[in-house]
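Structure record follows, encoded as structure tokens.
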Amino acid sequence: MKDKSELAKPYYGDGDLRIGVYVCHCGKNIGGVVRCEEVAEFAEGLPNVIVSKDSLYTCSEPGQEQIKTDIKEHKLNRVVVASCTPRLHEPTFRAACESAGLNPYLLEMANIREHCSWAHLHDKDLATEKAKDLVAMAVHRAALLQPQFELTVPVKRVAMVIGGGVAGIQAALDMADAGYKVYLVERSGSIGGRMAQIDKTFPTMDCSICILAPKMSEVGRHPNIELLTLSEVKEVDGHIGNFRVKVLKKARYVTKGCTACGDCIDACPQLTPDEFNAGLSIRRAIYMPFAQAVPSQFMIDMDRCLNNQGIVACDRCFQACSHKCIDYADTDKILELEVGTIVVATGVDVYDPTALTELGYGRFPNVITTLEFERLINAGGPSSGELIRPSDRKRPEKVAFLQCIGSRSKRSNPYCSNVCCMNTVKDALLIKEHWPETEIYVFYIDIRAFGKGFEDLFQRARREGVTFIRGIPGEIIEDIDTGNLKLLGENTLLGTPYRYEMDMVILSVGIKPRSDAGTLQRLLNLSTDTDGFYMEAHPKLRPVDTTTGGVFLAGAAEGPKDIKDSVTQASAAASRANILMSRGEVKVPAITAKIDPNKCVACGLCAKVCPYHAIEGGKDLGYYRVIEAACQGCGACVPECKFGALDQSHFTEEQIISQLDQAVAKDPNTKIICFACNWCSYAGADFAGVSRIQYPANVRIIRTMCSARVSPEWIERAFIKGAGAVLVSGCHPSDCHYNNANQNTLKRVEKYWKRMEKLGINKDRLRLAWISAAEGAQFAKVIEEMAAGIKKLRSESIHAASEALLKRKTKKVEGS
Amino acid sequence: MTTIKIWNFFPREALYECYQCARCTGSCPAMEVAPAYGPRETILKCLNLGHEAVVQDEKIWLCCTCNVCEDRCPQKIPISDLLVALRNSAARRGNIPGKLGMAIELLAKTGRSMIVHQLDEMRAHHGLGPLPPIPVDEIKQILKKTKLNDVIDF
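These protein sequence lines are chains H and A, in that order. Under the numbering used here, the first residue of the first sequence carries the number 1, and numbering increases by one thereafter. Under the numbering used here, the first residue of the second sequence carries the number 1001, and numbering increases by one thereafter.
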């Protein structure tokens, strides 16, 4: 690291503030709504502003060059860029400042695109006024910015992959091959995942297990991979580069000496449906998930075994095992692992169509799902690859596929499941391949054959005589005598009703997030999108990163995708993790909390609210201090200090207050002050803008890292200054990016409501809203409601409230 | 006679979510007896031809508002509400099937939608007494309150 004083010196510290303001048109994105020249002109009149310019694309090379040149020429020591959200281009402009010799933390951004032009498309005057306010807020904050220096933390060169499907396997292999130790954590008894269950893959019609099994055994024997099956992640602690993970490794009851000879199977008296075959066959209590399983080792399902709860009622498998590998006394273990990076590849569940009663799944034996079909037609499946229908085990001559079951619907999953169209085309071809005389009908709404080789496969299916009928049956009726199925519907292209009698119906079911996806989401502080899939840090440019540093996504856990896309994404995730591990260190943002030991009275309240145990000290020491490497920069501790000893770097009290004061400088009574946390609510407001959801323009958003940073004193100040309403918004409880720090937000806001009640102030003027990064519409709705609330307020009551609060405050100051 | 815009009574946005899967028509009992009718087609016509064209069409009177289509619609479009709105609009334009008009007129004048001469005889056969007299004026009042007399003279 360069010497601190040297970095800060050239243009900082000479007492004079010299601010440069750059207003970006972003083509027509901002310029089409906000009068950027007018905003730049306005900024020129703001205190300490030396230059103010507007440009078409500030993020472009010439745009950045302009900033760099101005920093040198005009000796600028603060830069304000009014453009898009800082979540997008803050790193860009920080880098530009740094290359011109200015500390990157002396940059401030005003979000006049997502929070202004895109959200107020139809009112140029209001949008321009709002943009001016946002720039004024940014300029006043910029004046108070201080140079900061980022801390470097080491990255442990060990990775963890959660989920052993094809994505997890690929990610583990890529990192292991790069030379890093990998823990591959799989919940079931074998790796392989969904791909192992599927018969063939599209569009190449490769045998699925044949191409997967070599990869699986490679994982099994790779010297850098430690495979943990029957294991689940229970606790995650720490941060990027240094995670401490507790993994529960469940007992297998069969030791490593097992040679998978299978002598035990016949001995076992206990039967249960076989999950791997989608319940279409039975297995014993002692079993191997499937023939190609890795590890190739049996296991005992204790819920089925007669020896449950420590009572040995049966030892037939023990007697049958010539290697004596059965150990009924095996116990669950907790492993404590330290890893630097984590790849999440937990995959998906399959939609259960039982809820769609008109289709008869679960009631009519010959209505099955595509996953059941995959097992039926697989040579290793329950019927050894013979296509038979469940009711009479006869080969069906007329087969129907129904598309979009559980997908694209408000009654189930609203999204397209991505894989079902091509899967059905492939399945239809498989039937045609073995039994060409079979009549196949595919009932569809749209066939989405978008990928490489997909259209080819679709056309091939049509050439081979598969009939595609546009229109999903509204109802299926079973003929009780024959087990045949009558499909009632309409051929929409012909505009005529149809009635088909089929021997078997296959429901092309969609895929959905794991039912317990929430557990890992909480453990790793991930976000989910509105459909429940894990959310990427940026949908286009950071598609495998998450908002938690050092945690990456692979496979369908991030959104429905086929095998190829899962593998591609897994390699991408592994590569992102490899970058971190290969460098071996990472810089963490310099936004940590600081304690002034002279003001600290060692009460310890801050240490109690710190979600990371990053504050240490005590009465003996006389003060508390922040462990910088452990501090994540949420700022939850700051409002807790009653003595003004605490503050947060780059989000200081005076910086935020300067923003607040500017926000209420004009017409405060009509304004909504919104404190939004960086990860969820600020991003949610961004998303509202990106989605062009329109909402009232009288809201002014102030960003904090966590809603727990919001001090009740800010709320008070806003009301004293006459703000119409205050919104405190953060991540949903349990989704908080700082280990539930936002429970403090709730506590503080509730306390403030009580105070308002006591002073007779309308409680509705302070609102607390949990808004996730995917809830743009929710953000807009809250603002709409609050704006409607403000309209009902009388200015006298705002004034009276302000007076009451001011009186109380002065009394308190005098009292102390 | 006043004409009404059905969009005052039905959320037009809901229709945009229809992707023509035809589950509605497939589950429609009216379609079973009158294959000319189909809710899917009705929605498509509203979207592509406008509701002006749809209200001319006698087919909208075939819906029996059983709500099965609505129950099975993957997009939760309130299809029965749409049909009711369309019929209101059609009726106010005078596009009401002749037989239906007659039935309403009869109802207003006699309190019954159809005349069955042997009714009392049939009831007697089953050991039931004659029906009580019909409060025709009251029925007429109710019908007037629903503004049905805007559509049919009685």
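From the three backbone atoms N, C-alpha and C, an ideal C-beta is built for every residue, glycine too.
For residue i, return the contacting residues in chain A, with the cut-off set at a CB-CB distance below 8 Å.
i              : result
S409 (chain H) : P1074, Q1075
G776 (chain H) : The premise fails here: G776 (chain H) is roughly 18 Å from chain A at the closest Cβ pair, so nothing lies under 8 Å.
L402 (chain H) : Residues of chain A passing the Cβ test: none, with the nearest at roughly 10 Å.
What would DSSP say about residue i, mapped onto helix, strand or coil?
i               : result
K608 (chain H)  : helix
A769 (chain H)  : strand
Y752 (chain H)  : helix
C600 (chain H)  : coil
R499 (chain H)  : strand
K249 (chain H)  : strand
I1134 (chain A) : coil
M299 (chain H)  : strand
D1150 (chain A) : helix
Y1037 (chain A) : coil
D352 (chain H)  : coil
G32 (chain H)   : coil
D54 (chain H)   : strand
H538 (chain H)  : strand
N698 (chain H)  : coil
P86 (chain H)   : helix
L646 (chain H)  : strand
G20 (chain H)   : strand
Y12 (chain H)   : The pLDDT assigned to Y12 (chain H) is 45, lower than 50, so where the model puts this residue is not dependable; a value taken from the coordinates is nonetheless given after this. Y12 (chain H) falls in the coil class under three-state DSSP.
G163 (chain H)  : coil
Which whole-angstrom value is the C-beta distance of residue i and residue j, which I expect to be below 8 Å?
i              : j              : result
G633 (chain H) : T704 (chain H) : Actually they are not in contact, since the Cβ atoms of G633 (chain H) and T704 (chain H) sit about 10 Å apart, beyond 8 Å.
Q197 (chain H) : L376 (chain H) : That belief does not hold up - the Cβ atoms of Q197 (chain H) and L376 (chain H) are roughly 11 Å apart, past 8 Å.
A556 (chain H) : S566 (chain H) : 6 Å
C24 (chain H)  : S55 (chain H)  : 6 Å
G406 (chain H) : P353 (chain H) : 6 Å
Listing by chain order, which chain H residues have their CB less than 8 Å from the CB of residue i?
i               : result
E1013 (chain A) : Within chain H, no residue comes near E1013 (chain A); the closest Cβ sits about 13 Å away, beyond 8 Å.
C1064 (chain A) : By Cβ distance, chain H contributes nothing, its closest Cβ being about 15 Å from C1064 (chain A), past 8 Å.
P941 (chain A)  : Here chain A covers residues 1001 to 1154 and nothing more, so residue 941 (chain A) does not appear.
E1058 (chain A) : Those do not exist, as E1058 (chain A) stays about 17 Å from chain H at its closest Cβ, beyond 8 Å.
M1031 (chain A) : E490, P497
E1041 (chain A) : G495
Could you tell me which of the options sits nearest to residue i, measuring between CA atoms?
i               : options                            : result
K671 (chain H)  : H:A574, H:G789, H:E397, H:C641     : H:G789
D479 (chain H)  : H:E464, H:L494, H:Y500, H:N103     : H:Y500
L166 (chain H)  : H:K540, H:T346, H:A614             : Sequence inspection shows Val at residue 166 (chain H); the Leu mentioned does not correspond to that position. The shortest Cα separation from V166 (chain H) among H:K540, H:T346, H:A614 belongs to H:T346.
P1011 (chain A) : A:Q1118, A:L1047, A:N1067, A:D1120 : A:L1047
T259 (chain H)  : H:F298, H:H799, H:I225             : H:F298
N491 (chain H)  : A:W1061, A:G1038, A:E1013, A:N1008 : A:G1038
W679 (chain H)  : H:W714, H:L621, H:Y738, H:L660     : H:Y738
I657 (chain H)  : H:V312, H:T92, H:W714              : H:W714
I783 (chain H)  : H:E98, H:H799, H:L746, H:I693      : H:I693
A630 (chain H)  : H:R460, H:N413, H:T592, H:L337     : H:T592
So which residues of chain H does residue i contact, with C-beta pairs closer than 9 Å?
i               : result
Q1020 (chain A) : I445, R470, G471, T492
Anything in chain A within Cβ reach of residue i, meaning under 9 Å, just list it in chain order.
i              : result
E186 (chain H) : Under the 9 Å cutoff, chain A gives no residues; its nearest Cβ is about 35 Å from E186 (chain H).
Kindly list, in the order they appear in chain A, the residues whose Cβ is closer than 7 Å to that of residue i.
i              : result
E358 (chain H) : S1027, R1072
Along chain D, in chain order, which residues have C-beta atoms closer than 7 Å to that of residue i?
i              : result
E475 (chain H) : Protein chains H and A are contained in the structure displayed, whereas chain D is not.
Find the residues of chain H that neighbour residue i, judging by a C-beta separation of less than 7 Å, and give them in chain order.
i               : result
G1038 (chain A) : E490
R1023 (chain A) : I472, G474
Inter-stretch contact at 8 Å, needing at least 3 Cβ pairs: the region 175 to 190 of chain H / the region 155 to 164 of chain H: In the pairwise beta carbon analysis, the region 175 to 190 of chain H is classified as touching the region 155 to 164 of chain H: at least three pairs are separated by under 8 Å.
contact_flag[the region 765 to 784 of chain H, the region 681 to 693 of chain H] where n(CB pairs < 8 Å) is 3 or more: The region 765 to 784 of chain H is in contact with the region 681 to 693 of chain H.
Meets three-Cβ-pair contact criterion under 8 Å: the region 519 to 528 of chain H and the region 341 to 358 of chain H: They touch, by the three-pair rule.
Three-pair Cβ contact test at 8 Å for the region 427 to 437 of chain H versus the region 392 to 401 of chain H: Taking a contact to require three or more Cβ pairs closer than 8 Å, the region 427 to 437 of chain H and the region 392 to 401 of chain H qualify as touching.
Cβ contact (3+ pairs, closer than 8 Å) linking the region 714 to 723 of chain H and the region 654 to 664 of chain H: In short, these stretches touch, since the Cβ pair count reaches three.
Any 3 or more C-beta pairs closer than 8 Å across the region 31 to 46 of chain H and the region 63 to 75 of chain H: The region 31 to 46 of chain H is not in contact with the region 63 to 75 of chain H.
Contact between the region 28 to 40 of chain H and the region 123 to 130 of chain H (3+ Cβ pairs under 8 Å): Touching, per the Cβ criterion.
Segment contact, 8 Å Cβ cut-off, at least three pairs: the region 311 to 325 of chain H with the region 234 to 248 of chain H: Under the Cβ criterion (8 Å, minimum of three pairs), the region 311 to 325 of chain H does not count as touching the region 234 to 248 of chain H.
Inter-stretch contact (C-beta, 8 Å, three-pair minimum) for the region 1066 to 1076 of chain A and the region 1011 to 1029 of chain A: Yes: at least three Cβ pairs fall under 8 Å.
Inter-stretch contact at 8 Å, needing at least 3 Cβ pairs: the region 609 to 616 of chain H / the region 578 to 591 of chain H: Because the criterion of three Cβ pairs below 8 Å is not met, the region 609 to 616 of chain H and the region 578 to 591 of chain H do not touch.
Any 3 or more C-beta pairs closer than 8 Å across the region 148 to 158 of chain H and the region 570 to 584 of chain H: Contact between the region 148 to 158 of chain H and the region 570 to 584 of chain H is present, with at least three C-beta pairs closer than 8 Å.
Given 8 Å, three or more beta-carbon pairs between the region 203 to 218 of chain H and the region 283 to 295 of chain H: Yes, they touch.
Cβ pair count under 8 Å reaching 3, the region 464 to 483 of chain H against the region 351 to 371 of chain H: A contact exists between the region 464 to 483 of chain H and the region 351 to 371 of chain H.
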